[in-house]
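Data block below; observations after.
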Amino acid sequence: MKHLLSIHDLDREAIERICDRAASFAEVSDREIKKVPALRGRTVLNLFYEASTRTRSSFELAAKRLSADVVNFAASGSSVEKGESLKDTVLTLSAHKPDAIVVRTPWAGAAELVTHWTSASIVNAGDGKHEHPTQALLDVYTLLRRVGSLDGLDIWIVGDVLHSRVARSNILAFAKMGARVTVCGPPTLIPHGIEESLPCRVTYTLDGIREADVIYALRMQNERMHDSYVPSLREYAARYQINGRNLGPRQIVMHPGPVNRGVELSGEVVDSPQAVITMQVEAGVVVRMAVLYEVLAGSRAPEVAPVPTAPTTTPGAA
Ligand code: ASP
């Protein structure tokens, strides 16, 4: 696999292979020296045009744990502020000869566009409201760890589905792994006809939420809203918040972060042992290690360069 742009690029077998490899990398994260030489000599460029805490730090850690060289590029503070386009930025940074570029932008389809401007492998770390495939993979990985299998699991994705790239990638990935997916939210925040284009069913109220094995809550993506979609956050929380009153004792709660406490999830739910939000963050590193390995070394193992012999030094030379 050269690029990871969308969950459409992966079948169930590929998702399982990535999760299995992530599990083998998990052992590295528990060592005192958290590094393996799998990508030694490779360069990973992190190209981030949008705010990120978890995704950026975990891609950086993932690349470093595989011994790759890492260049971090954030649009703010760069020549982007002087008007340089995405294309020119990619062409400029390609001079550093990256083997992989991890791309996050606010523009749907941008990660795919970048594949035309460079020979590097491209990993989509979020393109507008389109997709966020590594989030979906780490969520599948987290659930596999927690419950063993997604076959027959009832997963409800609750909140602002309309503006969420996580929802799109996760519906696809959960369904490929055998889960039944329901999306739930106010009609204004559920894309019209989503049940025809993606493998999910739709409901507009939390009635029946107790049927869910897993509740996946989403944040209001205010940065992508150009209108008001709910009367107020208070009103939204009154109808759609997951809290101690509507959460069943055996349900698992997930969230991609950042959480707006008191809106989509009550504080007590965020802090309860039923929430696996920290496990999801931990999974982010090992799953991104597996993805970088997959696109850079998986099917196209690099030729092993001969170990350089010690340089012969002239006595007295400095
Ligand atoms: N961190 C996720 C994303 O980048 C979810 C969110 O921002 O709400 O899409």
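Heads up: the sequence shown runs through residues 181 to 498, numbered per my numbering. Each residue gets a CB set at the ideal place from its N, CA and C atoms; glycine is no exception.
Is arginine 430 near the ligand ASP, going by C-beta to nearest heavy atom under 6 Å?
-> No - the ligand ASP has no heavy atom lying nearer than 6 Å to the Cβ of arginine 430.
For isoleucine 395, which residues does DSSP report across the bridge?
-> Answer by DSSP bridge pairing, in chain order: Trp336, Val433.
Would you kindly check if the distance between the Cβ of lysine 356 and the Cβ of arginine 192 is under 7 Å?
-> Contact check for arginine 192 against lysine 356 passes: the beta carbons are separated by less than 7 Å.
Excluding sequence positions up to five away, which residues of its chain have a Cβ less than 7 Å from the Cβ of threonine 298?
-> Closer than 7 Å at the Cβ level, and outside the excluded window around threonine 298, lie Val270, Ser274, Ile281.
Hey, could you find the ends of the alpha helix (DSSP H) arginine 381 is sitting in?
-> Run containing arginine 381: none in the alpha helix (DSSP H); it sits in the beta strand (DSSP E), 381 to 383.
Nearest to alanine 316 by alpha carbon, out of Val475, Gly478, Val471?
-> The option with the nearest alpha carbon to alanine 316 is Val471.
Cβ contact check for the stretch 381 to 389 and the stretch 318 to 333: 3 or more pairs under 8 Å | With contact defined as three or more Cβ pairs closer than 8 Å, the stretch 381 to 389 and the stretch 318 to 333 are not in contact.
Quick one: what's got a C-beta closer than 6 Å to valine 179's C-beta in the same chain, skipping five residues either side?
-> What the structure shows of the chain is the stretch from 181 to 498, and residue 179 is not part of that stretch, so it cannot be assessed.
Check: glycine 306 C-beta below 6 Å from any heavy atom of the ligand ASP | Correct: glycine 306 has its Cβ closer than 6 Å to the ligand ASP.
Among the residues of its own chain, which have a CB less than 6 Å from the CB of tyrosine 416, if the five just before and after it don't count?
-> Here the set comprises Val410.
Apply the 10 Å Cβ neighbour rule to isoleucine 213 and answer buried if 16 or more other Cβ atoms are within range, or exposed otherwise.
-> The residue in question, isoleucine 213, is exposed, as its Cβ has fewer than 16 Cβ neighbours within 10 Å.
Ordered list of alpha helix (DSSP H) runs contained in the stretch 243 to 302, each at least 4 residues = Within the stretch 243 to 302, the complete alpha helix (DSSP H) runs of at least 4 residues are 266 to 273, 290 to 294.
Would you mind listing the beta strand (DSSP E) stretches within the stretch 396 to 478 that are 3+ residues and don't spill past its ends, in chain order?
-> Counting only runs of 3 or more, we get 432 to 434.
Starting from the C-beta of alanine 206, find all residues in its chain whose C-beta is less than 8 Å away, skip the five residues before and the five after it, and write them out in chain order.
-> Cβ neighbours of alanine 206 beyond the five flanking positions: Val466.
State the DSSP-derived secondary structure class of glutamate 230, mapped to helix, strand or coil.
-> DSSP places glutamate 230 in the coil class of the three-state scheme, outside both helix and strand.
With DSSP as the reference, please indicate the residues paired to valine 224 in a beta bridge.
-> For valine 224, the pairing in a beta bridge is given by DSSP as Val250, Ala280.
Across which residues does DSSP place threonine 362 in a beta bridge pair?
-> Trp336, Arg381.
Reduced DSSP secondary structure (H/G/I, E/B, other) of threonine 494 = Unreliable positioning characterises threonine 494 in this predicted model, as indicated by a pLDDT of 40, which lies under 50. A coordinate reading is not provided.
Please confirm whether leucine 184 and glutamate 292 have their CB atoms less than 7 Å apart.
-> No. Outside cutoff.
Arginine 236 CB to nearest heavy atom of the ligand ASP below 6 Å = Between the ligand ASP and arginine 236, a heavy atom-to-CB distance of less than 6 Å is absent.
Roughly how many whole angstroms lie between the Cα atoms of glycine 221 and leucine 476?
-> Glycine 221 and leucine 476: Cα-Cα distance of roughly 11 Å.
With burial defined as no fewer than 16 other Cβ atoms inside 10 Å of the residue's Cβ, what is the status of threonine 272: buried or exposed?
-> So threonine 272 counts as exposed.
Cβ-Cβ distance between isoleucine 432 and valine 394 below 7 Å | By the CB criterion at 7 Å, isoleucine 432 and valine 394 fall inside the cutoff.
Can you list, in chain order, the residues of its chain whose CB lies under 8 Å from that of proline 278, leaving out five sequence neighbours each side?
-> Same-chain partners within the cutoff: Thr223, Val224, Leu225, Val251, Thr298, Ala300.
What does a CB cutoff of less than 7 Å around tryptophan 287 pick up in its chain, not counting 5 residues either side in sequence?
-> Once the five neighbours on either side are set aside, the close Cβ partners of tryptophan 287 are Asp307, Gly308.
Where alanine 305 sits in the DSSP three-state scheme | Three-state result, alanine 305: strand.
Give the secondary structure of leucine 219 by DSSP, where H, G and I count as helix, E and B as strand, and everything else as coil.
-> The answer is coil: DSSP assigns leucine 219 none of H, G, I, E or B.
For alanine 248 and isoleucine 335, believed in contact at Cβ under 8 Å, the rounded distance = Incorrect: roughly 33 Å between the Cβ atoms, too far for contact.
Are there 16 or more other CB atoms within 10 angstroms of the CB of glycine 339, so buried, or fewer, so exposed?
-> Classification for glycine 339: buried.
Three-pair Cβ contact test at 8 Å for the stretch 196 to 203 versus the stretch 433 to 450 | Note that the stretch 196 to 203 does not touch the stretch 433 to 450; fewer than 3 beta-carbon pairs, one per stretch, sit closer than 8 Å.
Please confirm whether any heavy atom of the ligand ASP lies closer than 6 Å to the CB of arginine 348.
-> No, the Cβ of arginine 348 stays beyond 6 Å of every heavy atom of the ligand ASP.
Alanine 436: which of Leu318, Met181, Asn402, Thr362 sits nearest, CA to CA?
-> Per the sequence presented here, residue 436 reads as proline, with alanine not at that position. Selected option, being the one with the closest Cα: Leu318.
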